[in-house]
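Residue numbers (our numbering), protein chains in the order written: chain A, 1 to 179; chain B, 1001 to 1288.
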């Protein structure tokens, strides 16, 4: 039996560099979980339907099960672990989208949640103030078998609110400093 | 659900990619991978080598030209669906491109999948092959033997089968511009938005004043290749004319009967929308 060739791959994930050795056929989802140890990215259907493995590649949501790790060398990757904001504590502060899921009971078993969080984080960057219809459209590519989606839609709208409040505070601070 | 082993190459130039492809009979080209990677994972495809073209320069363009016969939208092999969809210029020059792209899978898939890749994947259930065929566009392919242009009418050989030779890479697609006085429309029925359509229909209508001078309809997911039907001579009953040339197929998603029913429902609706579109554009073009 011949040994499968391994490729040296340098992955940029959540601001850190991970040097991994993987066969060409290693899916990016598996590389993140097994080679980088970042198990926040969940693997459901493994053929691009369920959305659980969604990550951000150069800021845009992409299915990590539909990319090869070797093909991700030139990309900046953000996984669900990278959404938390640094506030000096070891666990960090929940991002607006994560906080909204907590507030609105946007998850039950949590399996699909990492894919929703990454998708919505990018979605709100493109559309910071979505209507309920747009919130549904934003999450149309992700499957959840627990919630019936109602609370996830609420979470999208709540996350937009929280983001708006934070923006308002920052704006206020800037104006105070100027004033 | 893991791909079988394959050799991997990530060339930096098109010449290098073409030489590698010519030298390896079992090689496949990887661009967006949104169709190829599931096929690998399900082991429906097991190429001996993947040639990853994502590092090639100068293939990510979406450009429009307004001169002569070449008026239209040019899309490079690495332009993602999302990038093409976002181009206001492309939507202006050929509105059907945006109309159809908004139905291609989900935004997450469109962020990685390429329009040219979708064309040469030649899925009869996909939107863009049918659109290219309806618009009488073309695909430019390159190989170590040179470069050639394949008209859309000659591109689709069968289910998931294009007429590209094994050593050819599709480098650019061309969608002709919408002429003044012409109109287009697109509609599809899917169980959920973003899923594969059970039936999709696009129409391309040319008018002269109140007269429809040419009317053609494109169908996806009905037969096992994208089909275009000219209904100019059958405007009173275009659905029957279309069904005479279509062979609706049974699969797990819908019966052939149900597909025929959807063709009857969608055909007049989409044709009317394209005719309205043509008239509204003709109205705009008249200087007041």
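Just so you know, even glycine gets a beta-carbon here, dropped at the ideal spot from N, CA and C.
Note that this is a predicted model, so its numbers are computed, not measured.
Classification of residue i by the beta-carbon crowding that lies within 10 angstroms, buried from 16 upward
i: residue 138 of chain A; result: buried
i: residue 173 of chain A; result: exposed
i: residue 1284 of chain B; result: exposed
i: residue 109 of chain A; result: exposed
i: residue 17 of chain A; result: exposed
i: residue 1070 of chain B; result: exposed
i: residue 1144 of chain B; result: exposed
i: residue 89 of chain A; result: exposed
i: residue 1149 of chain B; result: exposed
i: residue 1042 of chain B; result: exposed
i: residue 175 of chain A; result: exposed
i: residue 163 of chain A; result: buried
i: residue 1167 of chain B; result: buried
i: residue 1208 of chain B; result: exposed
i: residue 1053 of chain B; result: buried
i: residue 166 of chain A; result: exposed
i: residue 41 of chain A; result: buried
i: residue 1103 of chain B; result: buried
i: residue 1288 of chain B; result: Model confidence at residue 1288 of chain B stands at a pLDDT of 44, short of 50, so the residue's coordinates are unreliable; what they give is reported in the following sentence. Residue 1288 of chain B is exposed by the Cβ-count criterion.
i: residue 1151 of chain B; result: exposed
i: residue 1061 of chain B; result: exposed
i: residue 1109 of chain B; result: buried
i: residue 1213 of chain B; result: exposed
Of the residues the options, the one placed nearest residue i, counting alpha carbons only
i: residue 15 of chain A; options: A/46, A/175, A/81 and A/63; result: A/81
i: residue 1126 of chain B; options: B/1138, B/1136 and B/1113; result: B/1113
i: residue 79 of chain A; options: A/116, A/152 and A/26; result: A/116
i: residue 1246 of chain B; options: B/1234, B/1255, B/1229 and B/1108; result: B/1229
i: residue 20 of chain A; options: A/40, A/159, A/126 and A/71; result: A/71
i: residue 1033 of chain B; options: B/1218, B/1079 and B/1195; result: B/1079
i: residue 1279 of chain B; options: B/1007, B/1071, B/1180 and B/1121; result: B/1180
i: residue 5 of chain A; options: B/1049, B/1062, B/1084 and B/1061; result: B/1049
i: residue 1017 of chain B; options: B/1057, B/1224 and B/1088; result: B/1057
i: residue 105 of chain A; options: A/164, A/83, A/44 and A/151; result: A/151
i: residue 1162 of chain B; options: B/1282, B/1254 and B/1124; result: B/1124
i: residue 1045 of chain B; options: B/1248, B/1231 and B/1001; result: B/1001
i: residue 1164 of chain B; options: B/1176, B/1116, B/1197 and B/1194; result: B/1116
i: residue 1225 of chain B; options: B/1074, B/1005 and B/1130; result: B/1130
i: residue 1128 of chain B; options: B/1084, B/1166 and B/1142; result: B/1084
i: residue 1037 of chain B; options: A/83, A/166, A/45 and A/133; result: A/45
i: residue 1182 of chain B; options: B/1272, B/1103 and B/1195; result: B/1272
i: residue 1121 of chain B; options: B/1275, B/1276, B/1020 and B/1035; result: B/1035
i: residue 1067 of chain B; options: B/1093, B/1258 and B/1218; result: B/1093
i: residue 1290 of chain B; options: B/1232, B/1234 and B/1199; result: Absent from the structure is residue 1290 of chain B, since the part of chain B shown begins at 1001 and ends at 1288.
i: residue 145 of chain A; options: A/111, A/24, A/12 and A/11; result: A/111
i: residue 1219 of chain B; options: B/1210, B/1189 and B/1232; result: B/1189
i: residue 1074 of chain B; options: B/1118, B/1176, B/1088 and B/1105; result: B/1176
i: residue 1192 of chain B; options: A/143, A/131 and A/39; result: A/143
Chain D within 9 Å of residue i, Cβ atoms only
i: residue 1041 of chain B; result: The question asks about chain D, but that chain is absent: this structure's protein chains are A and B.
Endpoints, beta strand (DSSP E) assigned at residue i
i: residue 11 of chain A; result: 6-13
i: residue 1065 of chain B; result: 1062-1065
i: residue 54 of chain A; result: 54-57
i: residue 1052 of chain B; result: 1049-1052
i: residue 1199 of chain B; result: 1199-1208
i: residue 17 of chain A; result: 16-23
i: residue 76 of chain A; result: 76-78
Terminal residues of the alpha helix (DSSP H) in which residue i lies
i: residue 124 of chain A; result: 113-126
i: residue 150 of chain A; result: 150-178
i: residue 1110 of chain B; result: 1107-1110
i: residue 1117 of chain B; result: 1115-1121
i: residue 1073 of chain B; result: Segment 1072-1076 is the beta strand (DSSP E) holding residue 1073 of chain B; no alpha helix (DSSP H) there.
i: residue 102 of chain A; result: 96-104
i: residue 180 of chain A; result: Shown here, chain A extends from 1 to 179; a query on residue 180 of chain A therefore has no answer.
i: residue 1104 of chain B; result: From DSSP, residue 1104 of chain B is part of no alpha helix (DSSP H); its letter is neither H nor E.
i: residue 138 of chain A; result: 132-138
i: residue 1092 of chain B; result: 1088-1093
Proximity test, residue i beta-carbon vs the ligand PLP heavy atom, cut-off 8 Å
i: residue 51 of chain A; result: As for the ligand PLP, it is missing from this structure, which has no ligand bound.
* Below 8 Å, can you find three or more Cβ-Cβ pairs linking the segment 1220-1240 of chain B to the segment 1255-1270 of chain B? -> yes
* Decide yes or no for the touch test of the segment 1127-1145 of chain B against the segment 1154-1169 of chain B: beta carbon pairs closer than 8 Å, at least 3 of them. => Segments in contact, yes.
* Are the segment 138-157 of chain A and the segment 97-105 of chain A touching, with three or more C-beta to C-beta distances below 8 Å? -> With a cut-off of 8 Å, the segment 97-105 of chain A and the segment 138-157 of chain A count as touching, because enough Cβ pairs lie within range.
* If you scan the segment 1126-1184 of chain B from start to end, which runs of the alpha helix (DSSP H) of 4 or more residues do you find wholly inside it? -> Whole alpha helix (DSSP H) segments, 4+ residues: 1127-1134.
* Asked: With contact counted as at least three CB pairs below 8 Å, one residue from each stretch, are the segment 45-58 of chain A and the segment 113-131 of chain A in contact?
  -> yes
* Pairing CB atoms from the segment 58-73 of chain A with CB atoms from the segment 26-42 of chain A, are three or more of them under 8 Å? -> yes
* Asked: Which parts of the segment 1005-1044 of chain B are runs of the alpha helix (DSSP H), unbroken and 4 residues or longer, counting only runs that do not cross its ends?
  -> 1014-1023 and 1036-1041
* Asked: Counting only runs that start and end within the segment 1191-1269 of chain B, where is the alpha helix (DSSP H) found for 4 or more residues in a row?
  -> Counting whole runs of 4 or more residues, the segment 1191-1269 of chain B contains the alpha helix (DSSP H) stretches 1238-1245.
* To do: Evaluate contact between the segment 1003-1021 of chain B and the segment 123-133 of chain A, counting only Cβ atoms and requiring at least three cross-stretch pairs below 8 Å.
  => No: the two stretches stay apart, fewer than three of their Cβ pairs being nearer than 8 Å.
* Taking one C-beta from the segment 1018-1031 of chain B and one from the segment 32-45 of chain A each time, how about it: are there three or more such pairs within less than 8 Å? -> The answer is no - the segment 32-45 of chain A does not touch the segment 1018-1031 of chain B, with fewer than three Cβ pairs under 8 Å.
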